[in-house]
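Taken in order, the sequence shown gives residues 0 to 358; the numbers are from numbering that gives the first Met the number 0. Each residue gets a CB set at the ideal place from its N, CA and C atoms; glycine is no exception. Small disclaimer: the values here were computed from a predicted structure and weren't measured. Below is one structure, written out as structure tokens; the observations come after it.
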Amino acid sequence: MAPAMSELGDIMDFVVRKGNGVKGLSETGLETVPKQYVQPMEERLDMNNVVNQDSIPVIDMSKYLEDPKVAESICLAAEKWGFFQVINHGVPIEFLDKVEEATRQFFRLPAEAKLKYTKENSPTCNVRYGTSFIPQAETCLEWKDYLSLLYVSEEEASSFWPRECRKQAIEFMKLTEPVINRLIEALMKGLKVKEIDERKESLLMGSKRINLNYYPMCPNPELTVGVGRHSDVSTLTVLLQDDIGGLCVRLLDEENSWAHVPPISGSLVINIGDALQIMSNGRYKSVEHRVIANEKRSRVSVPIFVNPGASNMIGPFAEVLKNGEKAVYKQVWYKEYVKHFFRKAHDGKKTIEYAMVSK
Ligand SMILES: O=C(O)CCC(=O)C(=O)O
Ligand SMILES: [Fe+2]
């Protein structure tokens with residue numbers, strides 16, 4: 000018999016403060032999601048309302064060096080969809096399974112062990128275990144737990160990242176470097192940015208963060224969300240997802256239409272983030288996405304957020320504005336932009352308004 004909610008005490012206390020996460024809640028065997036997780040009607044998305052035939056592009060990276068069409072298709076996908084998947088990207092497929100397993104390994108830890116990494120207890124602000132997005136700022140919670148790791152150096156990561164997943168997380172960051180460099184190179188070519196000098200490198204990929212996401216089984220996926228509507232604040236995001244599915248992307252040409260990102264074994268999902276939408280003056284799109292929870296199985300995903308350096312000021316590149324194009328975005332401190340994102344609950348594409356030139 001599932002325990003009554005009153006036996007668990009206050010949900011926020013059980014899930015957030017005691018470190019049980021929504022995983023702990025799910026494992027009590029509860030039959031309905033607590034009211035704190037019930038989203039308003041307009042934020043719910045049923046798998047039946049998701050378009051399946053019109054899916055995001057899948058790009059084969061194996062001929063990147065010989066065939067300029069590969070780079071062109073990357074730029075086109077970034078303009079038209081903001082999302083695509085890459086295959087033959089150079090990261091060994093067997094290794095991707097190890098990252099997934101390491102993620103599950105971390106979340107299998109008892110609450111007391113994970114509690115050591117919460118905001119209040121973590122020995123460093125670069126390692127954070129949490130649940131939902133910002134429970135303190137949200138009126139509705141999201142059905143997700145996470146471990147967020149800011150990469151500072153290999154040395155720092157080797158001493159502070161949790162041992163259950165540290166090796167695989169560090170290695171995943173290393174092994175994705177070549178494909179990230181190629182994607183950025185292709186995208187810059189498309190903007191007529193000729194050289195990625197030190198300053199541009201810092202603007203485009205001055206810092207990286209890896210998140211390990213865990214979406215427990217959910218008794219009422221139709222009432223809640225795994226992750227609510229948002230766009231990433233990154234330059235671009237490289238995401239490993241397991242075979243469960245649930246990630247949905249807003250279609251740019253259609254009103255209120257969402258496409259499912261089907262899990263493809265061995266692929267990586269790439270999406271453009273707000274920082275690149277700003278730097279490309281809107282040419283590349285940072286598209287809204289969300290995750291639907293699953294009734295039967297838990298899901299894991301591992302995004303690497305490739306971000307501008309925290310001390311950078313970002314705005315449209317001079318190369319993009321050269322031919323008299325009007326700047327849609329102003330120069331903003333990236334650090335302030337990120338702070339603005341984390342001040343509020345997920346709210347679709349609202350964050351980018353912070354960087355818009357006022358009319
Ligand atoms: O889990 C996923 O597929 C997406 C997660 C996501 O959108 C994020 O962490 O920003
Ligand atoms: Fe995201």
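Per DSSP, what kind of secondary structure is residue i in: helix, strand or coil?
i, result
"Ala-258", "strand"
"Lys-143", "coil"
"Gln-240", "strand"
"Ser-206", "strand"
"Ile-405", "Past the boundaries of the shown model lies residue 405; the chain is included only from 0 to 358, so the question cannot be answered."
"Tyr-328", "strand"
"Arg-127", "strand"
"Arg-298", "strand"
"Met-0", "Its pLDDT being 48, under 50, Met-0 is placed unreliably in this model, and the value from its coordinates should be taken loosely. DSSP places Met-0 in coil when its eight states are reduced to three."
"Gly-18", "coil"
"Asp-59", "strand"
"Asn-293", "coil"
"Lys-355", "The amino acid occupying residue 355 in the given sequence is Met; Lys does not appear at that position. Strand, per DSSP."
"Gly-323", "coil"
"Gly-347", "strand"
Is residue i near ligand 2, with its Cβ less than 6 Å from a heavy atom?
i, result
"Asp-231", "yes"
Following a CB-centred definition, is residue i positioned closer than 6 Å to any heavy atom of ligand 1?
i, result
"Val-301", "no"
"Leu-211", "no"
"Gln-240", "yes"
"Leu-222", "no"
"Val-98", "no"
"Val-290", "yes"
"Val-248", "no"
"Val-49", "no"
"Val-226", "yes"
Answer with buried or exposed for residue i, where buried requires no fewer than 16 other C-beta atoms within 10 angstroms of its C-beta.
i, result
"Gly-18", "buried"
"Ile-209", "buried"
"Gly-23", "buried"
"Phe-304", "buried"
"Val-98", "buried"
"Thr-138", "exposed"
"Met-204", "buried"
"Phe-12", "Here residue 12 turns out to be Asp, not Phe, going by the sequence shown. Label assigned to Asp-12: exposed."
"Gly-245", "buried"
"Thr-223", "buried"
Counting only beta-carbon separations shorter than 7 Å, does residue i have a partner in chain D?
i, result
"Ile-269", "Of the protein chains in the structure, only one exists, and it is not chain D."
Looking at the secondary structure, which residues open and close the beta strand (DSSP E) in which residue i lies?
i, result
"Cys-247", "246 to 249"
"Gln-84", "82 to 86"
"Val-226", "226 to 229"
Mind checking which residues open and close the alpha helix (DSSP H) that includes residue i?
i, result
"Asp-273", "273 to 278"
"Phe-316", "Note, Phe-316: premise wrong, no alpha helix (DSSP H); not H, not E."
"His-339", "333 to 341"
"Ile-73", "67 to 79"
_Using 8 Å as the cut-off, can you tell me whether the stretch 160 to 176 makes contact with the stretch 285 to 295, which would need three or more C-beta pairs spanning the two stretches below that distance?_
no
*Flag this pair as touching only if the stretch 233 to 249 and the stretch 257 to 267 have three or more C-beta atom pairs under 8 Å; answer yes or no.*
yes
*asked:* Within 8 Å, do at least three Cβ pairs link the stretch 279 to 294 to the stretch 203 to 218?
replied: Counting C-beta pairs closer than 8 Å gives three or more between the stretch 203 to 218 and the stretch 279 to 294, which meets the contact rule.
*the stretch 48 to 62 contacting the stretch 245 to 252, beta-carbon criterion three pairs below 8 Å*: yes
_At least 3 beta-carbon pairs within less than 8 Å: the stretch 339 to 346 vs the stretch 132 to 150_ = yes
*asked:* Contact between the stretch 119 to 126 and the stretch 148 to 159 is defined here as three or more beta-carbon pairs at a separation below 8 Å; is this criterion met?
replied: yes
*asked:* With three or more C-beta pairs closer than 8 Å as the rule, is the stretch 86 to 96 touching the stretch 111 to 121?
replied: Between the stretch 111 to 121 and the stretch 86 to 96 there are fewer than three inter-stretch CB-CB distances shorter than 8 Å, so the stretches are not counted as touching.
_the stretch 307 to 317 / the stretch 328 to 335 touching (three or more Cβ pairs under 8 Å)_ = yes
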